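Q: Counting from 1 along the sequence shown, just add 735 to a position and that's the residue number in our numbering.
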Amino acid sequence: MKKDTLYLVIPCYNEQEVLHETSKRLVEKITAMIENEIISNDSKILFVNDGSKDKTWSIIEELHNQNNIFSGVNLSRNRGHQNALLAGLMTAKEVADMTISLDADLQDDVDVIDKFAEQYYEGCDIVYGVRCSRETDTFFKRSTALAFYKLMSGLGVEMVYNHADYRLMSKRALEGLAEFKEVNLFLRGMVPLVGYKHSIVEYERHERFAGESKYSLKKMLSFALDGITSLSIKPIRIITGLGFTISFLSVIALVYTLIEKFAGNTVTGWSSLILSIWMLGGIQILSLGVIGEYIGKIYSETKQRPRFIITDKLINTHKKDM
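1) Kindly identify the DSSP beta-bridge partner or partners of Met833.
2) In terms of residue numbering, what span does the beta strand (DSSP E) encompassing Gly844 cover?
3) Relative to the C-alpha of Ile1044, which candidate in Asp785, Val845, Ala852, Ala839 has its C-alpha closest?
4) For Tyr748, name the three-state secondary structure that DSSP assigns.
5) Got a sec? Which residues, its chain only, sit under 7 Å from Thr980 by beta carbon, not counting five neighbours each side?
6) Give the DSSP bridge partners of Leu781, in chain order.
7) Ser1022: which of Val990, Ile973, Lys1048 sits nearest, CA to CA?
8) Could you check the C-alpha separation between Glu853 and Asn813 for me, to the nearest Å?
9) Where does Glu937 sit, in a helix, a strand or coil, going by DSSP?
10) With DSSP as the reference, label Ile861 as helix, strand or coil.
11) With DSSP as the reference, identify every bridge partner of Asn1049, one or two as the case may be.
12) Below 9 Å between beta carbons: does that hold for Arg866 and Arg940?
13) Put Ala839 into one of helix, strand or coil per three-state DSSP.
14) When the Cβ atoms of the segment 896-913 are set against those of the segment 787-799, are three or more pairs found closer than 8 Å?
15) With DSSP run on the structure shown, which of helix, strand or coil describes Arg866?
16) Excluding the 5 residues preceding and the 5 following Ile1050 in the sequence, name in chain order all residues of the same chain whose CB lies nearer than 6 Å to its CB.
17) Assign Phe782 to buried or exposed, taking buried as 16 or more other Cβ atoms, counted over all protein chains shown, within 10 Å of its Cβ.
18) With three or more C-beta pairs closer than 8 Å as the rule, is the segment 898-908 touching the segment 831-842?
19) Are the CB atoms of Phe915 and Met925 nearer to each other than 9 Å?
20) Ser758 lies in the alpha helix (DSSP H); which residues open and close that run?
21) So is Glu750 buried or exposed if we call it buried at 16+ other beta carbons inside 10 Å?
22) For Ala852, name the three-state secondary structure that DSSP assigns.
23) For Tyr931 and Asp860, which I take to be in contact (beta-carbon distance under 8 Å), what is that distance rounded to the nearest angstrom?
24) Return the CA-CA distance between Lys779 and Gly976, expressed in angstroms with no decimal places.
25) So, for Arg907: in the same chain, excluding its five sequence neighbours on each side, which residues have a beta-carbon less than 8 Å away from its beta-carbon?
26) List the residues that DSSP assigns as beta-bridge partners of His898.
27) Return the CA-CA distance between Glu937 and Thr740, expressed in angstroms with no decimal places.
28) Contact check, Tyr855 vs Ile935 under 8 Å by CB: the rounded distance?
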């Protein structure tokens, strides 16, 4: 039986320290899967250069020239991990039967790629890689991640717990993802919206073997905020509910004040007045900030600017003998 073509899609931003080792390990894995007749010998490793400032793209070109099992896509400028990943997936969609996305640092365990393929052949269009534990994370990272997943669940966003962007998607699932046209991307929340049959593969996440993480605390907070505002309108509804609650309490306070006035029990209350002003002022500013985030998203979407621009492609549909 003819086996399907697999493309590994790896977004890269300033990854010159890890690319040679990463490419070595991935070639070993792909070659073994081809020899075991799990995937087609047209399968590839696709690196996406997200506007790196180091030698990442030149290394990708070098790898491609040495062995065209390696393919490459070069973006015109840095567009962020989610856009770079989408660029790779949409490129691979045209030539692959299935794709697996993973990070360049190989913290995602490549040994479970075979299990992804098994689930695909059993009829799953999407297979999520899920961490079976977070023992290697710091307490802060572990607790904030848990809080984020619970928050997203509370806001009505469908997400897979402890899943990042290590996943398999079939060609049909990618075609479904391509129907989502929004500029503000949060793929962890968008992919479940595609539907189709899915499953989970558990794995242990490794330490980064070289280089530094590209996700600072600031970027992680921005990423979380993008996820919330891109997939849920509940914060707006919370503001509406808060407005009704404060208005109701204000009416009660007004009635109480009038009763006290006519009863002759009015007392000067400077502290309570100042406290009320600060509290209501803070709520108003916070509410305007949340509304502003949504307006900003609408502003970006209405411009319909491209999510990425590809300047160079190193794509061969057939692989030379190795």
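Each residue gets a CB set at the ideal place from its N, CA and C atoms; glycine is no exception.
Keep in mind it's a predicted model, so treat the numbers as computed, not measured.
A: Straight from the coordinates:
1) Position 98 of the sequence shown, counted from the start, is the residue given in the question as residue 833. Looking at the DSSP assignment, Met833 forms a beta bridge with Leu741, Ser905.
2) By 1-based counting over the sequence shown, the position of residue 844 is 109. Per the sequence shown, the amino acid found at residue 844 is Asp instead of Gly. No beta strand (DSSP E) contains Asp844, which DSSP labels as neither H nor E.
3) Counted from its first residue, the sequence shown places residue 1044 at position 309. It is Asp785.
4) Locating residue 748 in the sequence shown gives position 13, where the first residue counts as 1. Note: Tyr748 maps to coil in three-state DSSP.
5) For the purposes of this step, residue 980 is identified with residue 245 of the sequence shown, where counting begins at 1. None.
6) Position 46 of the sequence shown, counted from the start, is the residue given in the question as residue 781. DSSP, once it has assigned bridges, lists Val744, Ser806 as partnering Leu781.
7) Taking the sequence shown and counting its residues from 1, one reaches residue 1022 at position 287. Comparing Cα-Cα distances from Ser1022 to each of Val990, Ile973, Lys1048, the minimum goes to Ile973.
8) Start at 1 with the first residue of the sequence shown, and residue 853 comes out as number 118. Start at 1 with the first residue of the sequence shown, and residue 813 comes out as number 78. Rounded to whole angstroms, Glu853 to Asn813 spans 35 Å at the Cα level.
9) Against the sequence shown, residue 937 aligns to sequence position 202. Reduced to three states, the DSSP call for Glu937 is strand.
10) Taking the sequence shown and counting its residues from 1, one reaches residue 861 at position 126. Strand.
11) As a working note, residue 1049 is residue 314 in the sequence shown. At residue 1049 the sequence reads Leu, which differs from the Asn that was named. Per DSSP, Gly807.
12) Start at 1 with the first residue of the sequence shown, and residue 866 comes out as number 131. Start at 1 with the first residue of the sequence shown, and residue 940 comes out as number 205. Yes, these two residues count as a Cβ contact at 9 Å.
13) Looking up residue 839 in the sequence shown gives position 104. It is coil, neither helix nor strand.
14) Counting C-beta pairs with one atom in each stretch, the segment 896-913 and the segment 787-799 have fewer than three that are closer than 8 Å, which means they do not touch.
15) If you number the sequence shown from 1, residue 866 lands on position 131. Strand.
16) Sequence index remark: in the sequence shown, residue 1050 carries index 315 (1-based). Once the five neighbours on either side are set aside, the close Cβ partners of Ile1050 are Ser806.
17) Within the sequence shown, the letter at position 47 stands for residue 782. Phe782 comes out buried.
18) Verdict: yes, contact present.
19) Taking the first residue of the sequence shown as position 1, residue 915 is located at position 180. Taking the first residue of the sequence shown as position 1, residue 925 is located at position 190. Yes, these two residues count as a Cβ contact at 9 Å.
20) Here the question's residue 758 lines up with position 23 in the sequence shown. Run containing Ser758: 754-770, per the alpha helix (DSSP H) assignment.
21) Along the sequence shown, read from residue 1 onward, the residue named residue 750 stands at position 15. By the neighbour-count rule (16 or more Cβ atoms within 10 Å), Glu750 is buried.
22) Counted from its first residue, the sequence shown places residue 852 at position 117. If DSSP states are grouped into helix, strand and coil, Ala852 belongs with the helices.
23) Against the sequence shown, residue 931 aligns to sequence position 196. Against the sequence shown, residue 860 aligns to sequence position 125. About 4 Å separates the beta carbon of Tyr931 from that of Asp860, a gap short enough to meet the 8 Å contact definition.
24) What you label residue 779 is simply residue 44 of the sequence shown in a count that begins at 1. What you label residue 976 is simply residue 241 of the sequence shown in a count that begins at 1. Going from the Cα of Lys779 to the Cα of Gly976 covers about 52 Å.
25) Counting from one through the sequence shown, the residue named residue 907 turns up at place 172. For Arg907, where only same-chain residues beyond five positions count, the Cβ hits under 8 Å are Asp860, Tyr931.
26) Taking the first residue of the sequence shown as position 1, residue 898 is located at position 163. Val865.
27) The sequence position of residue 937 within the sequence shown is 202, counting from 1. The sequence position of residue 740 within the sequence shown is 5, counting from 1. One alpha carbon belongs to Glu937, the other to Thr740, and they sit about 23 Å apart.
28) Locating residue 855 in the sequence shown gives position 120, where the first residue counts as 1. Locating residue 935 in the sequence shown gives position 200, where the first residue counts as 1. The pair is not a contact, with the Cβ atoms about 13 Å apart (cut-off 8 Å).
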